[in-house]
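In my numbering, the protein residues as written are 266 to 487.
Quick reminder that beta carbons are idealized off the backbone N, C-alpha and C, glycines included.
For clarity, every value in this text was computed on a predicted model and none was experimentally measured.
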């Protein structure tokens, strides 16, 4: 009887050790899986950080390039002082002075209405006025960028998009801003940075229509 009891105790201990060993094994496997998940997330964070750094660098480059373009445009303006340009300038000043008397919200409504009608020349003046007054500066600069984009002034568009993104990087229009920035870069021959932006859109807005457009653009330039 004593021997039988001892055998039962030994078997019980063996079963307990077996269960403990199985439990330990599951714990180790769980830790390994979690570790892999953490490493994967960490790598994704690193990749996104690299992407954002690249975006910022390319923005700066485009901003500097745009400054040179603006300087050249100013030089041209000084060299071309004909009567028609003077009349145009005076007319622009008159319109600006008149609209300056309106509340900023009304100026914004008028600017948007003109934009919707594709009256870009008048619309951009009003948005620039709002930006100078620091009224919704992120949105105002974004709208100026959109106008310059549709007017095919791609270097200018990039500069205004950059300023808008710097002021409000979480704005609802960011996917469009990034997509049009990428398209603008592609248009001026900066394909490398255009790809960076297309990739950024796919990474940050994977389920959006903008991501689909970005993928299509990437496939067309690869």
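Note down, in chain order, each residue of its chain lying with its Cβ closer than 6 Å to the Cβ of residue 379, except the 5 sequence neighbours on either side. 387 and 388
Is it buried or exposed for residue 456, if we count other Cβ within 10 angstroms and need 16 for buried? With fewer than 16 Cβ atoms within 10 Å of its Cβ, residue 456 is classed as exposed.
By the DSSP assignment, the alpha helix (DSSP H) with residue 438 in it spans what residues? Looking at the DSSP string, residue 438 is not in any alpha helix (DSSP H), and its letter there is neither H nor E.
Could you spell out the range, first to last residue, of the alpha helix (DSSP H) harbouring residue 400? Neither: residue 400 is in no alpha helix (DSSP H) and is coded neither H nor E.
DSSP on residue 330, reduced to helix/strand/coil? Residue placement at residue 330 is flagged as unreliable, the pLDDT there being 48, under the threshold of 50; the coordinate-derived value follows with that caveat. Reduced to three states, the DSSP call for residue 330 is helix.
Cα-Cα, which of 460, 435 and 433 is closest to residue 446? Taking only the C-alpha atoms, the option nearest residue 446 is 460.
Does the separation of the CB atoms of residue 419 and residue 406 fall below 7 Å? Note that the C-beta distance between residue 419 and residue 406 is not below 7 Å.
Buried or exposed for residue 293, going by 16 or more other Cβ atoms inside 10 Å? exposed
Measuring CB to CB, does residue 376 end up less than 7 Å from residue 392? yes
Using the C-alpha atoms, what's the distance from residue 476 back to residue 398? 34 Å
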